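*Asks:*
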Amino acid sequence: MSAKLTWPAPERNKQPILEVLERIVPSTGTLLEVASGTGQHAAHFAARLPALLYQPTDLEDANLASIRAWRSELSLPNLLAPLRLDVCESPWPVGEVQVVYNANMVHIAPWECAVGLFRGAARHLAPGGVLLMYGPFLVGGAHTAPSNQAFDEDLKRRDPRFGVRELEQVVALAAEHGVTFEERVQMPANNQSLIFRRSQAGSP
Ligand SMILES: C[S@@+](CC[C@H](N)C(=O)[O-])C[C@H]1O[C@@H](n2cnc3c(N)ncnc32)[C@H](O)[C@@H]1O
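Mind the numbering: the sequence shown is residues 173 to 376 in this note's numbering, read in order.
1) For ligand 1, is there any heavy atom lying closer than 8 Å to the beta carbon of ASP258?
2) Is LEU193 near ligand 1 - that is, is its Cβ less than 8 Å away from at least one heavy atom of it?
3) From the DSSP output, in three-state form, read off ASP331 for me.
4) For a test of the three-state rule: what should DSSP assign to GLU232, helix, strand or coil?
5) Quick check: the Cα distance between ALA237 and ASP258, rounded to an integer number of angstroms?
6) Quick check on DSSP: helix, strand or coil for LEU248?
7) Could you tell me which of PHE323, PHE290, ALA346 sits nearest to GLY335, measuring between CA atoms?
8) In terms of residue numbering, what span does the alpha helix (DSSP H) encompassing ILE189 cover?
9) Does any heavy atom of ligand 2 sit closer than 8 Å to the C-beta of TYR226?
10) Which residue from ALA373, ARG370, GLU355 puts its Cα closest to that of VAL192?
11) Just to confirm, is the Cβ distance from LEU382 to ASN185 under 9 Å?
12) What distance in whole Å lies between the Cβ atoms of LEU303 and PHE368, which are believed to be in contact at a cut-off of 8 Å?
13) Quick check: what's the CA-CA separation for SER262 versus ALA294?
14) Answer yes or no: do GLY307 and VAL278 have a C-beta to C-beta separation smaller than 9 Å?
15) Where ALA346 and ALA286 are concerned, what is the direct C-alpha to C-alpha distance, given to the nearest angstrom?
16) In the DSSP assignment, the beta strand (DSSP E) including VAL269 goes from what residue to what residue?
17) Considering only the beta carbon of each residue, do SER208 and PRO228 sit closer than 9 Å?
18) Taking only the alpha-carbon atoms, compute the straight-line gap between ALA275 and MET305 and give it to the nearest angstrom.
19) Can you give the beta carbon distance from GLU232 to LYS176, rounded, assuming they're within the 8 Å contact cut?
20) Would you kindly work out how many angstroms separate the C-alpha atoms of ALA241 and PRO182, rounded to a whole number?
21) For the beta strand (DSSP E) containing GLN358, list its first residue and its last residue.
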């Protein structure tokens, strides 16, 4: 049986996220995806951003196997073999990258993983490089939809360390690591794309 997983959410959101990525990524370089999940995003984005080297990663063996299955089905020259990457660990098994992309992770993991994401971005993102986060966020201390509030409560029941994050806290965390918030894009289904950039000068 194939290890290839197909989840409904990435099927729904992959095209709107691609449209944001197409606008912000450089014409060449490496895109590091943190927490790739099934690999559906990696497959979709690598096919449509052929000038970028696309490095998928995840923590879970089942997800890494699924990414491998998507990759072998597509045989895209720019889609690299997935790497095991725990965002909380240091160092990450990659060099310098021009883009970091992370979807739907920080609310479904302890806050330390958000810290790990920006700490890693500060180490690995090239000066001027871009970081795109996607998912639900509170804005101005408020949920952007009742369904997000219900989701938040459900996450916290599952694990009190989980929960929808506050945009302003994420922006402050990024700034501590020399990564500047540039733009918020309202996405379908009450999600947000958050665009950050590492300063040209490099380390904070
Ligand atoms: C809800 S899924 C999102 C997957 C994918 N980004 C998407 O949007 O479809 C959350 C992902 O976070 C990953 N994850 C959780 N904790 C992690 C950690 N400490 N380091 C790296 N990935 C982690 C899980 O393995 C899973 O793939």
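Yeah, the Cβ is synthetic: ideal placement off N, Cα and C, and Gly gets one too.
Just so you know, these numbers come straight off a predicted model, no measurement behind them.
*Replies:* According to the data block:
1) Answer for ASP258: yes, Cβ within range of ligand 1.
2) Of the heavy atoms belonging to ligand 1, none sits nearer than 8 Å to the Cβ of LEU193.
3) Reduced to three states, the DSSP call for ASP331 is coil.
4) Here GLU232 carries a coil assignment [DSSP, helix/strand/coil].
5) Looking at the two C-alpha atoms, the distance is approximately 16 Å.
6) Secondary structure of LEU248 (DSSP, three-state): coil.
7) Comparing Cα positions, the closest option is PHE323.
8) ILE189 -> alpha helix (DSSP H) spans 180 to 196.
9) Absence of ligand 2 is noted for the structure shown, with ligand 1 being the only ligands found.
10) Among ALA373, ARG370, GLU355, the Cα nearest to that of VAL192 belongs to GLU355.
11) The structure shown does not extend to residue 382, since the chain spans only 173 to 376, so no value can be given for it.
12) Confirmed, about 4 Å.
13) When rounded, the distance between both Cα atoms is 12 Å.
14) Cβ distance < 9 Å, so GLY307 and VAL278 count as in contact.
15) One alpha carbon belongs to ALA346, the other to ALA286, and they sit about 9 Å apart.
16) 269 to 275 is the span of the beta strand (DSSP E), which, as asked, contains VAL269.
17) Their beta carbons are under 9 Å apart, which means SER208 touches PRO228 by this criterion.
18) As the crow flies, the alpha-carbon of ALA275 is around 6 Å from that of MET305.
19) That pair is no contact at about 14 Å.
20) When only Cα atoms are considered, ALA241 and PRO182 end up about 16 Å apart.
21) From DSSP, the beta strand (DSSP E) with GLN358 extends over 351 to 359.
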